[in-house]
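Participant: Okay, handing you the structure first.
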DNA sequence: GCGGATCAC
DNA sequence: TATGGTGATCCGC
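In the working numbering, the protein residues as written are 130 to 668.
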């Protein structure tokens, strides 16, 4: 973004961060990461001319196969709402117009409007740093009901152009407008323009940007080019597509994040998509078959052109951050809260599963997961707690800032599912799709000998077994949202804390039963932990 | 099947 | 004072 003093922003972010536990953890991760890159460079250096010649033939073969799948017959549009949450908030409070504003709280920001971005304020930036960058910044708490309402309005517009459009999140969607273009004898460009006007009208003023391209991977990149309130069209022409992809930095591609970007650049000297093809032998030498496949398809600008299959959810989880503590009674209370929330969510979806995963983040930001798989399907708070408390107990003593629980390996048939057909957006759109190949470099080149195994192993590559292109890395899960609400800062946690204390003293409270049940369960679970039982009185 | 990592939003 | 939550995937064990 122009007009941003990047150096100043960087300096302030650094000043605010350095010395913190968060920052120390980032440094630890970076050191680990540099080592990984060094390993890859070493492996590169060891490659002999004969090896490289071999990998070049492998690469050339893959490239030929990929080229054969190229389909330039479809017209995809990727629609991306501009600063969506911030724009919605401004719509409902016009006094915010023209002022720097961010949706979120002191701990984390989910979206900043364009006025705030000029100060260097960004999504995923902690609010207290944002305020330092822009002291007059207005904070607005997240309100998902509002965003869902406006998202639904936009989807009504999308439906008119592609009834099978793919909602990638509340504020993004992919539309295959090939048919509507044919019917109306018009271009993707015109459709995108009309669609954007429709969104603007139907929502009462929200703007969006669009990318028009022959596949979803490209459409996604294109929607970012003339943002905000603009569009970019990439014609269905091989030459135009190849020219476009050539100079594109790899980081612009969905699925290539910060880490992959650095690996490609520092280990292989690859910064643009063009260079992927130029160094295709190294790509094949260093990465797994599926990773190489993904990278090479990026170099060729080949992406998904079909409408991806609807897939059911694989896991469901619940996690909460609180101010770090080693107080075991508190930690078990939190665990019980999360178990209960998870159980509630499971009931809503009529799901039961066999694998329970406990997620912990220590006071020093180190993340750990511990899982158990049982024979029986579980869904009740009690069953979840039975396993979860064992997992947590094995980690004690430990000072934590986050606890989470995830259930997976679902039962085939749902039990008592409240099957509400109007809930289409939540269940039917639960497709996943990244064929992301982002596990860089840990795989030995020997793996190339087990190509088939690798291909089958991946749940979904950009090529399905029957040769049709399936959902690709540019496809997003609709439930992936910035669920920033309710964790503004320590308020929510200390809020719970006080609430519990109150409930404990006043048994007439409506919530008392719940707490007692939880407590009762905890007492059974923690029977051998005298200290915890006595401390429970505090909560 | 488990644990660590990465990515997206 | 203060750096999120949900879901998915891959790899190496």
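Glycine included, C-beta positions come from ideal geometry on N, C-alpha and C.
Let me know the secondary structure DSSP gives residue 360 once reduced to three states.
Facilitator: Correct three-state label for residue 360: strand.
Participant: To the nearest whole angstrom, what separates the beta carbons of residue 362 and residue 341, a pair I think is in contact under 8 angstroms?
Facilitator: 4 angstroms
Participant: Straight-line CA distance for residue 224 to residue 326?
Facilitator: 24 angstroms
Participant: Check each candidate in 217, 302, 268 and name the one with the smallest Cα separation from residue 274.
Facilitator: 217
Participant: List the endpoints of the continuous alpha helix (DSSP H) containing residue 213.
Facilitator: It spans 213-221 - the alpha helix (DSSP H) in which residue 213 sits, taken as one unbroken run.
Participant: Please classify residue 203 as buried or exposed, where buried requires at least 16 neighbouring CB atoms within 10 angstroms.
Facilitator: Classification of residue 203: buried, given that the 10 Å Cβ count is 16 or more.
Participant: Under the assumption that residue 532 contacts residue 489 (Cβ atoms under 8 angstroms), give the Cβ distance between them as a whole number of angstroms.
Facilitator: 6 angstroms
Participant: Could you check which residue in 207, 256, 227 has the C-alpha nearest to that of residue 239?
Facilitator: 256
Participant: So the candidates are 247, 308, 304; which of them puts its Cα closest to the Cα of residue 346?
Facilitator: With distances taken between CA atoms, residue 346 lies nearest to 304 out of 247, 308, 304.
Participant: Take residue 539 as the anchor and find which of 459, 478, 458, 429 has the nearest alpha-carbon.
Facilitator: 478
Participant: For the alpha helix (DSSP H) that residue 293 lies in, which residues bound it at each end?
Facilitator: That residue, residue 293, is in no alpha helix (DSSP H); it is neither H nor E in DSSP.
Participant: So, at 8 angstroms on beta carbons, what are the nonlocal neighbours of residue 406 in its own chain, with the 5 sequence-adjacent residues on each side left out?
Facilitator: 192, 425, 428, 429
Participant: Could I get the ranges of all uninterrupted beta strand (DSSP E) runs contained in the segment 269-328, with 3 residues as the minimum, in chain order?
Facilitator: Taking only runs of at least 3 residues, the beta strand (DSSP E) segments lying wholly in the segment 269-328 are 295-298, 301-305.
Participant: State yes or no: is the C-beta of residue 338 within less than 7 angstroms of the C-beta of residue 352?
Facilitator: yes
Participant: Of the residues 460, 299, 485, which one's Cα is nearest the Cα of residue 524?
Facilitator: 460
Participant: Inspect the beta-carbon positions of residue 302 and residue 439 and report whether they are closer than 7 angstroms.
Facilitator: Residue 439 is positioned such that its CB atom lies no closer than 7 angstroms to that of residue 302.
Participant: What is the DSSP secondary structure of residue 432, reduced to helix, strand or coil?
Facilitator: coil
Participant: Please list the terminal residues of the continuous beta strand (DSSP E) segment that includes residue 162.
Facilitator: Careful: residue 162 lies outside any beta strand (DSSP E), inside the alpha helix (DSSP H) at 150-175.
Participant: Within 10 angstroms of its Cβ, does residue 190 collect 16 or more other Cβ (buried), or is it exposed?
Facilitator: exposed
Participant: Are the CB atoms of residue 253 and residue 229 within a distance shorter than 7 angstroms?
Facilitator: Not a contact, by the Cβ cut-off of 7 angstroms.
Participant: Across which residues does DSSP place residue 230 in a beta bridge pair?
Facilitator: 267
Participant: Between residue 493 and residue 349, what straight-line distance do the alpha-carbon atoms span, to the nearest angstrom?
Facilitator: Residue 493 and residue 349 have their C-alpha atoms roughly 36 angstroms apart.
Participant: Check whether the Cβ atoms of residue 484 and residue 500 sit closer than 7 angstroms, and answer yes or no.
Facilitator: yes
Participant: What residue does the alpha helix (DSSP H) around residue 518 start on, and which one ends it?
Facilitator: 510-522
Participant: Select from 308, 133, 296 the residue whose C-alpha is nearest the C-alpha of residue 248.
Facilitator: Comparing C-alpha distances from residue 248 to each of 308, 133, 296 shows the shortest one belongs to 133.
Participant: Taking one C-beta from the segment 169-183 and one from the segment 314-322 each time, how about it: are there three or more such pairs within less than 8 angstroms?
Facilitator: Touching, no, given that fewer than three Cβ pairs across the two stretches are closer than 8 angstroms.
Participant: Thinking residue 481 and residue 462 are a contact (beta carbons under 8 angstroms), I'd like their distance in whole angstroms, please.
Facilitator: Between the beta-carbon of residue 481 and that of residue 462 there is about 25 angstroms, and that puts the pair past the 8 angstroms contact cut.
Participant: Apart from the five residues on each side of it in sequence, which residues of its chain come closer than 8 angstroms, Cβ to Cβ, to residue 586?
Facilitator: For residue 586, the pLDDT reaches just 25, beneath the cut-off of 50, and the residue's location in the model is therefore unreliable, leaving the point undetermined.
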